[in-house]
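Each remark here refers to the structure printed beneath this line.
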Amino acid sequence: MDRALQNLICDIPKAELHLHIEGTLEPEMMFELASRNGLSLPYPSVEALRAAYDFSNLQDFLDLYYEGANVLRTQRDFYDLTMAYLRKAAADHVRHVEIFFDPQTHTDRGIAFATVIEGILQALKDGEAELGITSGLILCFLRHLSEDAAIETFKAAEPWHDQLLGVGLDSSEIGHPPSKFTRVFDMAGKAGLKRVAHAGEEGPASYIHEALELLQVDRIDHGNKSLDDPALIKKLAQSGMTLTLCPLSNLKLCVIDDLGDQPVKALLEKGVQVMLNSDDPAYFGGYLNENYLAVARALDLSAADIERLARNSFKGSFLDEAAKARHDAAIDAFMATQPAAPAF
Ligand code: HPA
Ligand code: ZN
């Protein structure tokens, strides 16, 4: 890749809309928090832990991800985790983030909901003041658990509903279709929250239909399997529905065999509003710019493709129209500083 394209990728303003805060727990921090909280890890070193990040599918990863989250105990732990991510995001020229958190992963092992959310919210506030990154928080329900458990979590979150941007759906997809969560998504819609769901990562295209029709989602997380269904692709393109793609995640979880099979380019060409994200960067080998760089190399993306993806990242956000226009203008200003593309 030429240096000009590399610089453009690294420096263009961008938003991240698919990021699990628990998935930003780096092995070094996992050891640090274990020590701070008087816990021992079943790995002798950071290197041994990192070497265990070799997954054959989503469940393989989730088993380690939930185990790793066990070191998060105090409000300060959640604060430090979130601040560390925001610093990395700032270095990648991320200007806006919409962050997922999985409260059930923590409340089910006796951590108070308030401990989790207050730590994250305080860091988001400080991150905006110190780093200029705006943000929103999306509460995800674990789909391998029951809908009643999701409803209980939603009710426990009630004092913070006005500080949430939306609700989401994550964890083990196959066998846990969106239709399992219609009531809780209906409650979230009535509470004025945005709705998103992981769909079509490992699960079939029919799960994307369900997320759209039964959960009334405002965005689809992943959505790779939409390419199996031409009528669905047409519907996504016509409605302007955003798909939050995660290239390095797809590779690490064997959703694709090769980054050259990542559907970003095919979906862009079909007029679908796609954008790029890092998902669980501490586990998948790279933060946002690494994801842009990796697919740009594998799929030979052009400067125009990168510009489109960066614009799409703000367009697909839940920012208001004035803020979206400001970010679009910032991209205009940034593009004006870039060297002209060679004329051949
Ligand atoms: N898919 C589903 N659930 C998740 C993921 C993911 O990529 N990351 C964290 N929880
Ligand atoms: Zn995800």
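The sequence shown maps to residues 15 to 358 in the working numbering. Ideal Cβ placement from N, Cα and C applies to all residues, glycine included.
Cβ-based burial, residue i [other Cβ within 10 Å; buried from 16]
i	result
D346	exposed
E30	buried
L259	buried
E13	Any question about residue 13 goes unanswered here, given that the chain covers just 15 to 358.
N238	buried
D272	exposed
D319	buried
L95	buried
E227	exposed
G214	buried
D334	exposed
P277	buried
E224	buried
T351	exposed
L53	exposed
M15	exposed
K139	exposed
S149	buried
Q252	exposed
A83	buried
Presumed contact (8 Å Cβ cut-off) between residue i and residue j, rounded CB distance
i	j	result
L183	A205	The Cβ separation is near 16 Å, so there is no contact.
S316	L302	Contact doesn't hold; Cβ gap of about 19 Å is too wide.
H120	L86	7 Å
A170	F127	5 Å
V286	I222	Between I222 and V286 the Cβ distance is about 11 Å, and since that is not below 8 Å, they are no contact.
R209	G180	6 Å
K279	L313	5 Å
Y79	E36	7 Å
K28	R109	7 Å
A137	F168	The pair is not a contact, with the Cβ atoms about 23 Å apart (cut-off 8 Å).
L257	L290	The Cβ separation is near 10 Å, so there is no contact.
Any non-hydrogen atom of ligand 2 within 7 Å of residue i CB
i	result
H212	yes
D235	yes
D140	no
D314	no
H120	no
D184	yes
H34	yes
Endpoints, alpha helix (DSSP H) assigned at residue i
i	result
D25	17-25
S327	317-329
E224	219-227
G247	The question names Gly, but residue 247 is Ile in the sequence shown. Residues 244-253.
I345	335-350
S88	According to the sequence provided, residue 88 is Thr. The question's Ser does not apply to it. Looking at the DSSP string, T88 is not in any alpha helix (DSSP H), and its letter there is neither H nor E.
T119	117-121
K360	No answer is possible for residue 360: the residues shown for the chain start at 15 and end at 358.
A354	No alpha helix (DSSP H) contains A354, which DSSP labels as neither H nor E.
V278	278-283
V309	302-313
Residue i: CB within 7 Å of a non-hydrogen atom of ligand 1
i	result
H365	Outside the displayed span of the chain (15 to 358) sits residue 365, for which this structure offers no information.
G180	no
D77	no
S70	no
D294	yes
G82	no
E187	yes
G299	no
G274	no
G146	no
E40	no
L263	The question names Leu, but residue 263 is Ser in the sequence shown. Correct: S263 has its Cβ closer than 7 Å to ligand 1.
E161	no
E224	no
E215	yes
G37	yes
First through last residue of the beta strand (DSSP E) which encompasses residue i
i	result
Q177	From DSSP, Q177 is part of no beta strand (DSSP E); its letter is neither H nor E.
K208	208-213
L156	148-156
K28	28-34
Cβ of residue i within 8 Å of any chain B Cβ
i	result
P41	No chain B is part of this structure, which consists of one protein chain only.
Any non-hydrogen atom of ligand 4 closer than 7 Å to residue i Cβ
i	result
G330	Absence of ligand 4 from the depicted structure is noted, with ligand 1 and ligand 2 being the only ligands included.
Item to complete: Take every Cβ of the region 223-234, pair it with every Cβ of the region 261-271, and state whether three or more of those distances are shorter than 8 Å.
Response: no
Worksheet item: Is it true that the region 191-198 meets the region 35-44, where meeting means three or more beta-carbon pairs spaced less than 8 Å apart?
Response: no
Fill in: At least three beta-carbon pairs within less than 8 Å, the region 167-183 to the region 127-145
yes
Worksheet item: Taking three-plus beta-carbon pairs below 8 Å as touching, is the region 67-79 in contact with the region 294-308?
Response: yes
Worksheet item: Contact between the region 308-326 and the region 265-280: three or more CB pairs below 8 Å?
Response: yes
Worksheet entry | At least three beta-carbon pairs within less than 8 Å, the region 99-118 to the region 141-157 | yes
Worksheet entry | Touch test, the region 92-107 against the region 142-150, Cβ-Cβ under 8 Å, three pairs minimum | yes
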